[in-house]
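Peer 1: Let me give you the structure first, and then I'll get to my questions.
There are 2 protein chains.
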Amino acid sequence: MELRYPNGKKYILDKKDKNTRKTSNSISYSNRGMTLEEDLNITNQYYLQNDLAVIHKKPTPVQIVHVDYKSRSTAVIKEAYFKQPSTTDYNGVYKGKYIDFEAKETNNTTSFPLQNFHEHQIDHMKKVVQQNGISFVILRFAKTEEIFLLESQYLFNFWNRMTSGGRKSIKKEEIKQFGYLLPIGLHPRIDYLQIIKKIIKNG
Amino acid sequence: MELRYPNGKKYILDKKDKNTRKTSNSISYSNRGMTLEEDLNITNQYYLQNDLAVIHKKPTPVQIVHVDYKSRSTAVIKEAYFKQPSTTDYNGVYKGKYIDFEAKETNNTTSFPLQNFHEHQIDHMKKVVQQNGISFVILRFAKTEEIFLLESQYLFNFWNRMTSGGRKSIKKEEIKQFGYLLPIGLHPRIDYLQIIKKIIKNG
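Chains as they are written, first to last, in my numbering: chain A, -19 to 183; chain B, -19 to 183.
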């Protein structure tokens, strides 16, 4: 990772209000300054290196407008814009099965704001579920260091509640009820594969 | 994906292009004719809209160096560079199964240059195969309008032949022998899902 401006981060920070953003300066995470994204990348690396799963974060979608071709090998992008992603950020394969998820965090303590998701991301998740893929979100409560995995079908319910005029967030209690608390460790950092195994077993 | 030109015609224009161009990360925003990438995007759209499969091209990986934050909503990327992709360009789900492929084209007529692929892409494909994903490449011979699907395990053989000092390309005859000729149509444009079904059935 050599990005000086870590990808989604800045963009999302721009678009969201202060209590729902991907990073936080005041929070001591397992490593200082580590974001959920970084922890997931390290987790995915661990899965990859140990042949447990092949899951990658997609590159940040960028609309390229102007490129300087000084030479064949050194094209410099001089003007580009962040695009809204049309899918989720993470996908890959575990034992032949398609895995697809989005990861978000909040500084709220009692609920998770649904504005963290875009409607076309929800649409994408629905398509994935319809196609029998394993679809979920990873939700982190930054202040309490709690990370949950919530299968998409539950997210859809909360999303529907919002679009029919209900609350704009999921209560933490609801996440606890329908989701799984993820174990946090060192190797792997966020072991969501354990829950995927459970989901496959139960499904 | 917006189309300025109707379908088949632009293929013919493509023939003027240079030897082996890389469709996937090439600068298709310049909008010079239909590329294999565009045809695949339209095909994937068709699959998506008809609930046949959920397959997307990943965004081009870009290393962002400098961003201008003029205002909250308008971040302009002022300096960025193309990064070599560490995975293949396309992936998604068909009936729960993980699908993963790379698409390339050549203006050669009798063989397909292996330089179209990077070693880490081959490594990625090996990881996907190991994880029981469905992994292949789509190879287009631009001059003759022939598009083939070749499962990765065959590509690995040709890759190994090259790295042990053998030829640096796959003969078209070999692609015909081990791969599948893809039907070209309008809806969908390149119906590779038909072959995936066969592969699943035979596998």
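For every residue, glycine included, the Cβ atom is placed at its ideal position computed from N, Cα and C.
Please compile the residues from chain B whose C-beta is within a distance smaller than 8 Å of the C-beta of residue 31/A.
Peer 2: Per Cβ cutoff of 8 Å: 107, 110 and 111.
Peer 1: Using a Cβ-Cβ distance cut-off of 9 Å, determine whether residue -6/A contacts chain B.
Peer 2: Note on residue -6/A: pLDDT 33, under 50, position unreliable in the model; the coordinate value appears next. Yes, contact with chain B.
Peer 1: Is there a Cβ from chain B that is less than 9 Å from the Cβ of residue 72/A?
Peer 2: So yes, residue 72/A belongs to the interface.
Peer 1: Any beta carbon from chain A within less than 9 Å of residue 159/B's own beta carbon?
Peer 2: Not one chain A Cβ lies under 9 Å of residue 159/B.
Peer 1: According to DSSP, simplified to helix, strand and coil, what is residue 71/B?
Peer 2: Strand.
Peer 1: Suppose you measure from the CA of residue 108/B to the CA of residue 145/A; what does that come to, to the nearest Å?
Peer 2: Roughly 43 Å between the two C-alpha positions.
Peer 1: Quick check: is the beta carbon of residue 104/A nearer than 9 Å to any beta carbon in chain B?
Peer 2: So yes, residue 104/A belongs to the interface.
Peer 1: Find the residues of chain A that neighbour residue 28/B, judging by a C-beta separation of less than 8 Å, and give them in chain order.
Peer 2: Near residue 28/B (Cβ distances below 8 Å), the residues of chain A are 107.
Peer 1: Is the shortest distance between the beta-carbon of residue 60/A and the beta-carbons of chain B less than 9 Å?
Peer 2: So yes, residue 60/A belongs to the interface.
Peer 1: From the beta carbon of residue 117/B, is the nearest beta carbon of chain A less than 9 Å away?
Peer 2: Chain A, which has no Cβ nearer than 9 Å to the Cβ of residue 117/B, makes this no.
Peer 1: Here's the rule I'm using: 16 or more other beta-carbon atoms within 10 Å means buried, otherwise exposed. How should residue 23/B be labelled?
Peer 2: Residue 23/B should be labelled buried.
Peer 1: Please check if any C-beta of chain B sits within less than 9 Å of the C-beta of residue 75/A.
Peer 2: It does; some Cβ of chain B falls within 9 Å.
Peer 1: Going by DSSP, what residues sit across from residue 29/A in a beta bridge?
Peer 2: None, per the DSSP bridge assignment.
Peer 1: Can you tell me the Cβ-Cβ gap for residue 56/B and residue 47/B, rounded? I've got them flagged as a contact below 8 Å.
Peer 2: Going by Cβ atoms, the distance from residue 56/B to residue 47/B rounds to 7 Å, so yes, they are a contact pair.
Peer 1: Give the single residue among 72/A, 80/A, 175/A and 180/A whose Cα lies nearest to the Cα of residue 106/A.
Peer 2: Of the candidates 72/A, 80/A, 175/A and 180/A, the one whose C-alpha sits nearest the C-alpha of residue 106/A is 80/A.
Peer 1: For the segment 32 to 48 of chain B, which residues have a beta carbon sitting closer than 7 Å to at least one beta carbon of chain A?
Peer 2: So the close ones are 33, 34, 36, 38, 39, 40, 41, 42, 43, 44, 45 and 47.
Peer 1: Would DSSP call residue 167/A helix, strand or coil?
Peer 2: DSSP places residue 167/A in coil when its eight states are reduced to three.
Peer 1: Establish whether the CB of residue 65/A and some CB of chain B are separated by less than 9 Å.
Peer 2: Yes, contact with chain B.
Peer 1: For residue 155/B, collect the residues of the same chain with a Cβ closer than 7 Å to its Cβ; drop the 5 residues on either side in sequence, then sort them by chain order.
Peer 2: Here the set comprises 92, 119, 128 and 130.
Peer 1: When you compare only the Cα positions, how much space is there between residue 164/A and residue 151/A?
Peer 2: So the two alpha carbons sit approximately 22 Å from each other.
Peer 1: What is the C-beta distance between residue 175/B and residue 166/B, in whole angstroms, given that I count them as a contact (C-beta under 8 Å)?
Peer 2: 18 Å between Cβ atoms; not a contact.
Peer 1: Can you tell me the Cα-Cα spacing of residue 178/A and residue 149/A, whole angstroms?
Peer 2: Taking the straight line joining both Cα atoms gives about 26 Å.
Peer 1: Output needed in chain order: residues of the segment 78 to 99 of chain A with a Cβ under 8 Å from some Cβ in chain B.
Peer 2: The residues in question are 78, 79 and 80.
Peer 1: Using a Cβ-Cβ cut-off of 6 Å (strictly less than) and excluding sequence neighbours within five positions of residue 58/B, which residues of its own chain qualify?
Peer 2: Once the five neighbours on either side are set aside, the close Cβ partners of residue 58/B are 46 and 48.
Peer 1: Once DSSP output is grouped into helix, strand and coil, what is the label at residue 54/A?
Peer 2: Residue 54/A falls in the coil class under three-state DSSP.
Peer 1: When burial is assigned at 16 or more other CB atoms within 10 Å of the CB, is residue 96/A buried or exposed?
Peer 2: By the 10 Å Cβ count, residue 96/A comes out buried.
Peer 1: Just tell me which of 125/A, 126/A and 98/A has its CA closest to the CA of residue 142/A.
Peer 2: Taking only the C-alpha atoms, the option nearest residue 142/A is 98/A.
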